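Have a look at the structure below before the remarks.
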Amino acid sequence: MSDILPVHHRPLRVRKVHSLRTFIWLAKGARDFARAPLVGLSHGLVMAGFGALMLWLAWDRFWVLAGAMSGFLMVAPILATGLYAVSRALLRGEAANLSAVWQVWASLDRRLVRFGILLMALGTGWVITSAALITLGVSPSVTTPADFLTRVVLAPEPGFFEIWLLVGGLMAAPVFASSVVAIPLLVDRPVAVQAAVLTSWRAVMANPICLSLWALIVMTLTLLSLGTWMIGLIVVMPVLGHATWHAYRDLVVQEAL
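Just so you know, the sequence shown maps onto residues 99 to 355 in this note's numbering.
If you want it as structure tokens, here you go:
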């Protein structure tokens, strides 16, 4: 079947890598951040500012905020496209500055726009689902972070928090599998969205332990950043963005189209 598809619609070949390769991606991401700090800090500040705005707007409506913060993680990969472009420029020995970021965003690549809209729709769906679960499943209503901690996370009757996590995981897992290398691939190569998503799934199926560990690292670092009132995102976001580029470079075979 794939033989009759146009070349740019075919999924690309992927590699199997060592499970601990994730820490090399992090190290390379930190190196790229150090080499282009202005770009990284600008992305981190924007993300931290956006997160702080969500926190301020929904502080007394935590039933919305809990879903919004986790939905935020679904959309974050598309917001890091400029970081992928900078890592690519560093690899090629080109100018790695804000102009490289601007070239990606100004191109209004329809593939990235479509993917971004899809991620926003999925993130919104999780926000609504999470809000419905917390509103209908917890009484009295959850309004503050303290309420969420005591009535959901530390509830004397176990079960509801686990269900909330399970539903979130079931929604987030296919999003992660579809986008883990797809977005940097779209930035780097003229392939169709379908091919990028299928390549991403190939990479996950070929490296289930490695990419499960990578998902855990991304989630842990992001949650720790949220626990610092978003300040940690200023550094964590660019490091993870650059690291994701190196994950793509390791996992996807660089072959001529």
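From the three backbone atoms N, C-alpha and C, an ideal C-beta is built for every residue, glycine too. Since the structure is predicted, the reported quantities are computational estimates derived from the model, not experimental observations.
Residue environment, residue i, which counts as buried when at least 16 other CB atoms sit within 10 Å
| i | result |
| --- | --- |
| Asn195 | exposed |
| Thr318 | exposed |
| Val240 | buried |
| Val137 | buried |
| Pro109 | buried |
| Ser100 | Annotation note: pLDDT 41 at Ser100 (below 50); position unreliable, coordinate value reported separately. Classification of Ser100: exposed, given that the 10 Å Cβ count is below 16. |
| Trp123 | buried |
| Trp262 | buried |
| Ser276 | buried |
| Ile102 | Summary for Ile102: the model assigns pLDDT 41, below 50, so the residue's position carries little reliability, and this model does not support an answer. |
| Pro104 | Note that Pro104 has pLDDT 46, beneath the 50 cutoff, so the model's placement of it is unreliable and no number is given. |
| Gly191 | exposed |
Of the residues the options, the one placed nearest residue i, counting alpha carbons only
| i | options | result |
| --- | --- | --- |
| Leu206 | Ile176, Gly339, Ala280 | Ile176 |
| Ile315 | Thr326, Ala341, Val295, Trp299 | Ala341 |
| Arg212 | Leu311, Phe246, Val291, Ala125 | Val291 |
| Ile232 | Leu220, Met218, Thr248 | Thr248 |
| Arg186 | Leu124, Asp286, Ala293, Val351 | Asp286 |
| Gly221 | Ala183, Thr179, Glu260, Pro272 | Pro272 |
| Thr326 | Ala146, Lys126, Ala301 | Ala146 |
| Ala134 | Ala198, Val202, Gly223 | Ala198 |
| Gln201 | Leu216, Arg190, Val184, Ile215 | Val184 |
| His107 | Ala280, Val144, Met328 | Ala280 |
| Val278 | Gly191, Ala174, Leu189 | Ala174 |
| Gly266 | Leu252, Ala204, Thr227 | Thr227 |
| Ala270 | Gly223, Ala230, Ala204, Gly339 | Gly223 |
| Leu153 | Met328, Arg208, Val334 | Met328 |
| Trp203 | His141, Ala150, Ala244 | His141 |
Residues near residue i in its chain [Cβ-Cβ closer than 7 Å; skip 5 each side]
| i | result |
| --- | --- |
| Gly330 | Leu322, Ser323 |
| Ala313 | Phe274 |
| Leu283 | Val289, Ala294, Thr297, Tyr346, Val350 |
| Leu311 | Ser117, Thr120 |
| Gly214 | Ile176 |
| Val115 | Asn305, Cys308, Asp348, Leu349 |
| Leu143 | Ile332 |
| Val112 | Thr297, Arg300, Ala301, Ala304, Leu349, Val350, Val351 |
| Val251 | Phe259 |
According to DSSP, residues forming a beta bridge with residue i
| i | result |
| --- | --- |
| Val350 | Val112 |
Sequence-distant residues of the same chain with beta carbon closer than 6 Å to residue i, five excluded per side
| i | result |
| --- | --- |
| Phe258 | Gly235 |
| Ala337 | According to the sequence as given, residue 337 is Val; it is not Ala. Closer than 6 Å at the Cβ level, and outside the excluded window around Val337, lie Gly127, Ala128, Phe131. |
| Trp343 | Tyr182, Ser185, Pro282 |
| Gly339 | Ala178, Leu181 |
CB contact below 7 Å: residue i versus chain D
| i | result |
| --- | --- |
| Glu255 | The displayed structure is made up of one protein chain only, and chain D is not part of it. |
Sequence-distant residues of its chain with Cβ nearer than 8 Å to residue i (five each side left out)
| i | result |
| --- | --- |
| Val334 | Gly142, Leu319, Thr320, Leu322, Ser323 |
Segment contact flag, the region 125 to 140 with the region 297 to 314, C-beta cutoff 8 Å, min 3 pairs
no
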